[in-house]
Amino acid sequence: MSRQPRPAVPSIDIEELVARREPGFSLEAPFYTHPDVYDLDLDAIFRKHWLFCAAEAEIPDPGDYVTIEIGATSVIIVRDDDESVYALHNVCRHRGSRIIEDACGSVGNLVCPYHQWTYRTDGSLIHAEATQEGFNRSQFGLKRINVRTVAGLIFVCLSDDPPADFDEVASKIEPYLTPFQLGGLKVAHQTDLVEEGNWKLVMENNRECLHCDAGHPELTSAYFPFLQSDVTEVPPRQQQLYERYLKALDRLAITGAAAGIPQRTYRELDNRATGFRITHFPLDGDGASFGWDGKQICKKLIGDIVDPAFGDMSLHYQPNSWFHFCSDHAVVFRALPVAPDKTIVRTTWLVHPDAVEGVDYDIPTLTEVWEATNTEDRRFVELAQRGATDPAYVPGPYATIEDDVNDFVSWYIKRLANHFGGGRDHLGLVAQAAVGN
Amino acid sequence: MSRQPRPAVPSIDIEELVARREPGFSLEAPFYTHPDVYDLDLDAIFRKHWLFCAAEAEIPDPGDYVTIEIGATSVIIVRDDDESVYALHNVCRHRGSRIIEDACGSVGNLVCPYHQWTYRTDGSLIHAEATQEGFNRSQFGLKRINVRTVAGLIFVCLSDDPPADFDEVASKIEPYLTPFQLGGLKVAHQTDLVEEGNWKLVMENNRECLHCDAGHPELTSAYFPFLQSDVTEVPPRQQQLYERYLKALDRLAITGAAAGIPQRTYRELDNRATGFRITHFPLDGDGASFGWDGKQICKKLIGDIVDPAFGDMSLHYQPNSWFHFCSDHAVVFRALPVAPDKTIVRTTWLVHPDAVEGVDYDIPTLTEVWEATNTEDRRFVELAQRGATDPAYVPGPYATIEDDVNDFVSWYIKRLANHFGGGRDHLGLVAQAAVGN
Amino acid sequence: MSRQPRPAVPSIDIEELVARREPGFSLEAPFYTHPDVYDLDLDAIFRKHWLFCAAEAEIPDPGDYVTIEIGATSVIIVRDDDESVYALHNVCRHRGSRIIEDACGSVGNLVCPYHQWTYRTDGSLIHAEATQEGFNRSQFGLKRINVRTVAGLIFVCLSDDPPADFDEVASKIEPYLTPFQLGGLKVAHQTDLVEEGNWKLVMENNRECLHCDAGHPELTSAYFPFLQSDVTEVPPRQQQLYERYLKALDRLAITGAAAGIPQRTYRELDNRATGFRITHFPLDGDGASFGWDGKQICKKLIGDIVDPAFGDMSLHYQPNSWFHFCSDHAVVFRALPVAPDKTIVRTTWLVHPDAVEGVDYDIPTLTEVWEATNTEDRRFVELAQRGATDPAYVPGPYATIEDDVNDFVSWYIKRLANHFGGGRDHLGLVAQAAVGN
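Chains as they are written, first to last, in UniProt numbering: chain A, 1 to 437; chain B, 1 to 437; chain C, 1 to 437.
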């Protein structure tokens, strides 16, 4: 019945830890374990940056909503009658009750279950019972949150002063995404996976494929083994495979061009507030999916794509998401921190709006590679978390092909430095840094 | 295997928060969420005030006991051989073992299970093995706690300097309770409900019925809809109902008078240390119970009551309880804090000592309204707790008919102010404040 | 989804608490409950002293390992190809992943599951992929931990400056243990019991048998009731039992001498860093085991023992273990702290290497007394923990026959004083204190 005693933690100087971070090495332990860093991460990263939250396809109709939890902050993302998307704080202005309990659903108005204060989907209060004299409804609407949609992806920023580079990033990403007509796709499947590890370990794990050969047998059968290495010399035994790789590269360029999708790789991971990378990767076999044979897994191609052999268009977005776009489906990943040692990863599979389950696709085939990969990654994240919690842990050196991990970590350290410096150099960071290829 | 890292919480200035509380509005978030406030509540409220703990009917015979947990403090409430009630700390004076593990039971002596130190039910040590030379048994009795019984209700106060106004409150309440002969009733049923919310949200929820219409369909069928409003103008469609209400009022006054029960309402919620309210409410239909038809639910009336149409005599007691007395049963509620965000609510149904289950009453009928209401209230408390934990929460304005909530909150704030001021103005508060009607 | 608020705990002055400890009384509450004391215990006791960790019999062959968790520190204890035993930190030097997840097993090399960094069983790194230029493998071996084996028992010390008296203690204990040939025994059974109590309450409970009469009916049937008392006057009703006790004493001395085992009792519990006690106790009935009739429970005697009536050779070892050696089996106990109020106790039963389950012994008979006793002790520890958490707890006086508890507590307090004093007087403590008989 009594409360558990508080586990004491030594206090730390985070600014000092930020200042002394050694490039090329993993972070010091407190970044992965210390509750003060976790709280700082919520403030300096998750309450200050544009977070990917949901696909518009999750709320296709007026009144459709999803709720998301960013730390202790609950956000209602809801489509209004005029089709626009609002992000609202999920806290009644009467006595503070949660208004929406469910993760998703559909409403006419937003009615608080406690005393029935009633709000429109734009947040304005339209009914409150037995109010005191002088009560002014207009002062008690649900608080609004900054929200942006980019080619069918919904981003929110909890700060009143969002990073200024988002427009620029959106304008760079949009041409790649628009041909997929994401807003009109259908959610075929969605899963939530709780991983017992710090959110940065989840992101770091996503940012390298050094662990793929041994760790993801389902996934590596589709990718070519030349993706992360400088191919200066191909061993004779791989010569045939390499030629197949080059052909696949050529074909996806043609396929992409046919759909009007740019081919250029952007890699702006650590030189701006809204770090991102967008790249095309060929896939082996039929080049359409992550299965061992690369075969199409939904019969209907999406958006403007006409040739299944489009490979994998990969978008990495900081701080909290990654995406894979194929010719016949897209897979969307979103990580949100729950505790210093706990992160929730949501995966959403999108297909053509007219695709019919059991006819055009089936869920096991559609999801098997990433379901397996997610489960394997969870184990790696949890092993890394447990190691980082051990007093014997010391930062170790990244491999040559872990450069995106290093860039993610460098971005993170710069964002903290920016936060400590007052958060006024969003654009300065971009100007000073070398911009990616 | 390793301990979880400590969730950091910002430090707060509680005295400042107390000083700036805005009347008419719910409390600021830390009062509902912050562990330092929780600890202060244990010290300033639960260790300083008279708490309702149990009905005497729970320990009818010598040796009968119940244990209760007030924060980390475990209390044995036990009936001695001479019928008096003792409250003892449940900690052996040898090596500190818990003596009683069960929530209730019956003993001859209190024997520590570890090394068999043996105490009488008045706490005195009567046996200890292999003690050192010079050991003086009289110095090692179980520590006693202040205990008072009022017309069959047991109150304890952990402080050595209990609030001085308890005698006065007891003398005001006793005439209402004595006719029920509570000490001789029978416990028909008892439930414990854990609610994931701060204890004050549990109390606030109990102190208003604005949420009843939509939230408690089982309960509102029995109450008249005129209870919390100033009835200056009754709409024509309610005229008939209103006349029934007035008749019910008249009848319960007659019924009460026949049993020698005062009719006056006391409302001294925020003007004294031992805040309370006692009121009569008529019930619709037969006026005997909370069921939709108001019918008697136990065949035997209790105490001196002779007419079932007694309605609901309601006692609100601060900090931690509320009671409903009907002609044929009483329902007793007790809230105790378990954590900043967890409270345990015990509900006890009392009936005539000779009432036989299955003959005079059955448990489902006896308990259904309050079981349903408790479960619904738990949801509201938990929604409010989750909202108060959200950084977006701000105090909101109470409705006109949430005045008892406001009074509870004002009482609480005054008790904290009193605690910070040294706790010497128990009586002063009463003298300064306007006494209720 | 949000983190639980931190339970606040008042800060304490541990040095002051250490200084004012009253001999003959149990410790003040914070020693059993406060997270800061827990952290100090990990630093000053568990990271500074030689801990008993495992029997060599648990890792008989090259590549066999066990992992143990000392606070957040995970240790791999592994037998190398050359038969020597290594203790290694279970943290990969690349990105910090746990290397071994299982509690025991067998490996060729130690391969990190994340990116396959590969280490020999002596900790040296032999493979790492795609390393940066200039990477020096020799600098990235698994960190080694001090490890010692004493007559088949494995001890580790996490400190680089282990207590200097271990050699002396080892030389005193070894003659008692060597005849049992422990290293060559077979693990017949092993259990882990999580007890919801501070590790010191687990140890204190082990250091006295005042609770045995009422608390351990299975165990006390085998022991004579004269063990912990000064037998100056035997009551007539016990005269016959006492004569049996004296005969059993004589026989075990002869049995021990035949096996070359010293008879002298060492009792050096509170006068040195590596506190210990080793004693012979006769057992009733056949004198071979803890069963009610003292009968042999494995058909094969172990080591050099030739007569089953060897009684119980008991080794108490500080901070964290105790052992019982009989003629036909040994039982090994190891306690490790998990949280301020949680301890894990591992019990291991060892028998002759050629003993066959179902033929020479069966698990239920072999384990029943200590399984029952462990379970009973867990309850006592948990009752004591709950009492110590109660604000009403005050230290109580030890009984005359709780002197080993007092010595354990005194040892503990001296170790903390030593820690606060800089940890330089390991040998000084021994020199100053009176050495046991």
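We put the CB at the ideal spot given by N, CA and C, even for glycine.
Taking the beta carbon of residue 391 of chain C as reference, the chain B residues within 7 Å of it are 72, 73, listed in sequence order.
Residue range 342 to 351 is occupied by the beta strand (DSSP E) that includes residue 349 of chain C. When the Cα atoms are used, residue 330 of chain B and residue 62 of chain B turn out to be separated by approximately 24 Å. Only buried fits residue 205 of chain B, as 16 or more other CB atoms lie within 10 angstroms of its CB. The C-alpha of residue 365 of chain B is placed about 32 Å away from the C-alpha of residue 111 of chain A.
Using a Cβ-Cβ cut-off of 7 Å, residue 408 of chain C does not count as an interface residue toward chain B, since no Cβ of chain B sits closer than that to its own. For residue 154 of chain B, no alpha helix (DSSP H) encloses it; the enclosing beta strand (DSSP E) starts and ends at 153 to 157.
With a beta-carbon spacing of about 6 Å, residue 282 of chain B and residue 245 of chain B fall inside the 8 Å limit used to define contacts.
For residue 145 of chain A, the closest of A/207, A/166, A/122 by C-alpha to C-alpha distance is A/122. For residue 148 of chain A, the enclosing beta strand (DSSP E) begins and ends at 144 to 150. Assignment of residue 315 of chain B by DSSP, reduced to helix, strand and coil, places it in the strand class. Per DSSP, the beta bridge partners of residue 186 of chain A are A/351.
Annotation: residue 207 of chain C is outside any beta strand (DSSP E) and is labelled neither H nor E by DSSP. As DSSP reads the structure, residue 195 of chain C sits in a beta bridge with C/343.
Close partners of residue 143 of chain B in chain C (Cβ separation under 7 Å): 392. For the pair residue 394 of chain C and residue 142 of chain B, the Cα-to-Cα distance works out to about 11 Å. At the C-beta level, residue 261 of chain C and residue 21 of chain C stay beyond 7 Å of one another. Residue 97 of chain A carries a coil assignment under DSSP once its states are collapsed to helix, strand and coil. For residue 131 of chain C, the C-beta contacts it makes with chain A under 8 Å involve 397, 399, 400, in order along the chain. Residue state for residue 69 of chain A is assigned as strand, using DSSP reduced to three classes. Within the same chain, Cβ atoms closer than 7 Å to the Cβ of residue 163 of chain C are found at 49, 50, 273, 274, 426, the five residues on either side in sequence being excluded.
For residue 98 of chain B, the nearest beta carbon of chain C is closer than 7 Å to its own beta carbon. Per the Cβ contact rule, the segment 335 to 348 of chain A is not in contact with the segment 284 to 291 of chain A (fewer than 3 Cβ pairs under 8 Å).
Within the same chain, and ignoring the five residues on either side of residue 100 of chain B in sequence, the residues whose Cβ sits closer than 6 Å to its Cβ are 67, 76, 90.
Spanning the alpha carbons of residue 200 of chain A and residue 193 of chain C requires a straight line of approximately 35 Å.
Between residue 221 of chain A and residue 358 of chain A, the alpha-carbon positions lie close to 25 Å from each other. Nearest neighbour of residue 168 of chain A by Cα position, chosen from A/347, A/306, A/268, turns out to be A/268.
Any Cβ of chain A closer than 7 Å to the Cβ of residue 65 of chain C would place that residue at the interface, and such an atom is absent. Taking residue 31 of chain A as the centre and dropping the five residues before and after it, the same chain places the C-beta of 37 closer than 6 Å to its C-beta, in chain order. By a beta-carbon distance limit of 8 Å, residue 317 of chain B contacts residue 276 of chain B. Their separation comes to about 5 Å. Taking 7 Å as the cut-off, the Cβ atoms of residue 391 of chain B and residue 73 of chain A count as close.
The Cβ neighbour count for residue 19 of chain B, taken over all protein chains shown within 10 Å, is under 16; the residue is labelled exposed. One alpha carbon belongs to residue 258 of chain A, the other to residue 175 of chain A, and they sit about 13 Å apart.
At a C-beta separation below 7 Å, residue 135 of chain A has these neighbours in chain B: 397. Per the DSSP secondary-structure output, residue 162 of chain C pairs with nothing in a beta bridge. Boundaries of the alpha helix (DSSP H) harbouring residue 32 of chain C: 30 to 33, taken from the DSSP string.
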